[in-house]
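Participant: If you count by this note's numbering, then the sequence shown holds residues 754 to 892, one letter each, in order. The C-beta atom is built at its ideal place from N, Cα and C for all residues, glycine as well. Computed from a prediction, not measured in an experiment: that's the story for all the values here. One structure, pasted below without further comment.
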Amino acid sequence: SNPYDEATWKPLQEVLINISDLAAQHEKEPRVLVLLDCARQLPDARFGNFVLSFSNEAQRVVRSLSRDNIAVLMSADANQYSWPTPELGGTAFGVNVMRGLQGQADVDKKLWKRITVKELYDFVKKETSHYVWKSRKAV
């Protein structure tokens, strides 16, 4: 779809179902992790954006899915937005996902050399919260 043409946008629920179905067609035990780093814009009445609604609606959609092969990690909880990290070229969420997937989230490094969704979630939540707290304190 074209990000500048609303007519080409796909509903999140449709996208997640399609991803889940596609994985099920190609894998014995399909498991999919979807990362959403989307809540970057603060409310701004000049653009008709009055509330932080994406995270709220995305959470509702994810919870309504009756799929057990898909996990969704989002960059912002309800009524929050993604904290930018201009010095790192992204958001705190994106940078910490990258670090986590590079191995920093692996709690039991010697046993499996794998990162579970729970390990990645815990790592990203802790590190992102720490970065945001530190950045707010500096402002």
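Taking one C-beta from the region 854-862 and one from the region 827-835 each time, how about it: are there three or more such pairs within less than 8 Å?
Facilitator: Verdict: no, contact absent.
Participant: Measuring alpha carbon to alpha carbon, tell me which residue in Val-850, Gln-855 and Arg-820 is nearest Asp-790.
Facilitator: Closest option to Asp-790, Cα to Cα, is Val-850.
Participant: How big is the Cα-Cα spacing for Glu-880 and Trp-836?
Facilitator: Taking the straight line joining both Cα atoms gives about 12 Å.
Participant: Residues in its own chain within less than 7 Å of Ser-773 by CB, not counting five upstream and five downstream?
Facilitator: Here the set comprises Val-785, Arg-820, Asn-822 and Ile-823.
Participant: Note down the Cα distance separating Arg-852 from Thr-838, rounded to an integer number of angstroms.
Facilitator: For Arg-852 and Thr-838, the distance between alpha carbons rounds to 14 Å.
Participant: Scan the region 813-859 and note each continuous alpha helix (DSSP H) run of 4 residues or more that stays entirely inside, going in chain order.
Facilitator: Segments of the alpha helix (DSSP H) lying fully in the region 813-859: 845-852.
Participant: Go through its chain and collect everything with a Cβ distance to Asn-809's Cβ below 8 Å, but skip five positions before and after it.
Facilitator: Cβ within range, chain order: Ala-831 and Asn-832.
Participant: Whole angstroms are fine: how far does the CA of Leu-769 sit from the CA of Ala-777?
Facilitator: Their backbone Cα atoms lie some 12 Å apart in a straight line.
Participant: Leu-788 bridges to which residues according to DSSP?
Facilitator: Answer is Leu-826.
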